[in-house]
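Colleague: Chains as they are written, first to last, in our numbering: chain A, 508 to 676; chain B, 508 to 676. Structure provided below as structure tokens; questions to follow.
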DNA sequence: AGGCTATACTTGAGTGCTCAAGGAGGTGGC
DNA sequence: GCCACCTCCTTGAGCACTCAAGTATAGCCT
């Protein structure tokens with residue numbers, strides 16, 4: 508598997524910073540980043556499978572509903588929802604559309620500013636979300652369980668991940 | 508505007524779930540999983556921006572080339588490449604097409620089995636990849652740098668992530 | 001030989017996001 | 001009162017993947 512003739516050696520670039528101590532299999536940031544990307548793909552698949560099987564929604568539907576539920580009154584300006592989810596306004600429009608169609612979310616006009624439309628969780632939406640939540644928690648637990656980490660490591664992972672989650676949050 | 512209408516439920520982790528015994532305020536697996544998803548989205552954006560700006564390829568183009576370069580002779584059956592990348596065969600066909608068009612990869616027939624088509628890195632591909640590699644390493648380093656973790660934490664992260672990266676690898 | 005099943009790959013349709021352009025409404029200078 | 005500009009949101013086009021179906025080849029069993 509390890510290739511004899513290939514390694515496209517890095518050009519003699521200076522990025523190998525003077526490191527007085529040995530680190531042959533040292534922590535490779537690129538490798539770590541690629542692992543993270545891979546891990547996420549796996550996670551998303553499992554959530555999508557579980558959530559769509561039981562509740563007919565995708566992970567991204569679920570996270571939209573979840574964020575909404577965390578906002579006061581279960582409603583947010585669509586632009587703020589986008590920001591909170593790390594999406595564009597466009598992504599929110601398209602993602603919310605099917606949820607409105609099936610009655611989990613409604614569109615509400617803002618009293619003073621006709622430009623803004625709130626997205627609001629309906630009572631049904633709240634109900635359905637709470638069912639989804641138990642499924643989602645189960646999946647999350649299952650995903651991490653076979654790793655056999657002590658609970659501490661889960662905390663560690665969350666902590667390490669936090670600064671990477673984007674500009675703000 | 509923030510008008511805390513009386514709305515009980517909807518704390519990140521209180522309601523629903525008939526959980527007979529409550530765990531102490533332990534680490535929340537769901538929250539951790541969602542953080543991971545978010546972190547990846549941010550990462551992918553940074554890699555895509557950097558790689559496409561300098562080399563005109565996406566992160567997924569890059570990872571395809573990278574895996575190819577790790578295989579003996581820089582060539583793999585397309586189905587094995589799919590497996591190694593966690594994609595479907597279909598995804599590989601579509602992803603490789605533009606790379607073939609610009610001459611970084613070629614299609615090679617297998618001598619004994621006419622069903623299989625190898626994907627092989629061209630000399631140009633190898634060259635261009637090695638330039639991309641230095642960019643990618645730089646980005647990876649930049650991504651983790653502001654976290655100010657000791658290098659150990661990077662290793663820890665990689666280790667924690669590994670069991671999550673999928674069925675095999 | 002013929003037929004069955006399995007494997008490697010491509011293709012059509014669909015999904016979920018992106019960016020860029022555009023409409024509609026709000027705001028401040030004059 | 002008007003005009004330039006800003007914000008919120010939607011829409012068209014495109015991209016990167018998916019699944020399902022289709023094609024071609026391989027190999028085994030009788």
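In this text, a Cβ means the ideal position worked out from N, Cα and C, and glycines have one as well.
(1) Decide if residue 568 of chain A is buried, meaning its Cβ has at least 16 other Cβ atoms within 10 Å, or exposed.
(2) Give the range of the beta strand (DSSP E) segment to which residue 613 of chain A is assigned.
(3) I'd like to know if residue 563 of chain B contacts chain A, where contact means its C-beta is closer than 8 Å to some C-beta of that chain.
(4) Which same chain residues, not among the five before or five after residue 589 of chain A, have their C-beta less than 7 Å away from its C-beta?
(5) Helix, strand or coil for residue 584 of chain A? Go by DSSP, reduced to three states.
(6) Taking the straight line between their C-alpha atoms, what separation do you get for residue 662 of chain B and residue 656 of chain A?
(7) At a Cβ threshold of 8 Å, is residue 560 of chain A touching chain B?
(8) For the alpha helix (DSSP H) containing residue 628 of chain B, list its first residue and its last residue.
(9) So, with DSSP's three-state summary, where would you put residue 672 of chain A?
(10) Please say whether residue 583 of chain A and residue 592 of chain A have beta carbons closer to each other than 8 Å?
(11) What residues in the segment 589-601 of chain A have a beta carbon less than 7 Å from any beta carbon of chain B?
(12) Give me the chain B residues within the contact set of residue 613 of chain A, using Cβ-Cβ distance strictly less than 7 Å, ordered along the chain.
(13) Give me the Cα-Cα distance between residue 628 of chain B and residue 651 of chain A, rounded to the nearest whole angstrom.
(14) Does DSSP put residue 600 of chain B in a helix, in a strand, or in coil?
(15) Under 8 Å, do residue 503 of chain B and residue 570 of chain A count as touching if we go by C-beta distance?
(16) Which word fits residue 608 of chain B, buried or exposed, when buried means at least 16 other C-beta atoms lie within 10 angstroms of its C-beta?
(17) What residues in the segment 532-549 of chain A have a beta carbon less than 8 Å from any beta carbon of chain B?
(18) From residue 563 of chain B to residue 653 of chain B, what distance separates their C-alpha atoms?
(19) Considering only C-alpha positions, which residue in the set B/558, B/535 and B/548 is nearest to residue 636 of chain B?
(20) Run through DSSP, which three-state label would residue 555 of chain B get?
(21) Verify the CB distance criterion: does residue 660 of chain B have a CB-CB separation below 8 Å to chain A?
(22) Pick helix, strand or coil for residue 593 of chain A, following the three-state DSSP scheme.
(23) Please list the terminal residues of the continuous alpha helix (DSSP H) segment that includes residue 576 of chain B.
(24) Could you give the DSSP three-state label for residue 609 of chain B: helix, strand or coil?
Modeller: With the structure as the only source:
(1) buried
(2) 612-616
(3) Interface with chain A (8 Å Cβ-Cβ cutoff): residue 563 of chain B is excluded.
(4) 595, 596, 598 and 599
(5) strand
(6) 15 Å
(7) no
(8) Unbroken run through residue 628 of chain B is the beta strand (DSSP E), 624-628; no alpha helix (DSSP H).
(9) coil
(10) no
(11) 593
(12) Going along chain B, no residue has its Cβ under 7 Å from residue 613 of chain A, so there is no contact; the nearest lies around 15 Å.
(13) 37 Å
(14) helix
(15) The question about residue 503 of chain B has no answer, for chain B in this structure spans 508 to 676.
(16) exposed
(17) 533, 534, 535, 536, 537, 538, 539, 540, 541, 542, 543, 544, 545, 546, 547, 548 and 549
(18) Their backbone Cα atoms lie some 26 Å apart in a straight line.
(19) B/558
(20) Here residue 555 of chain B sits in helix by DSSP.
(21) yes
(22) coil
(23) 566-577
(24) coil
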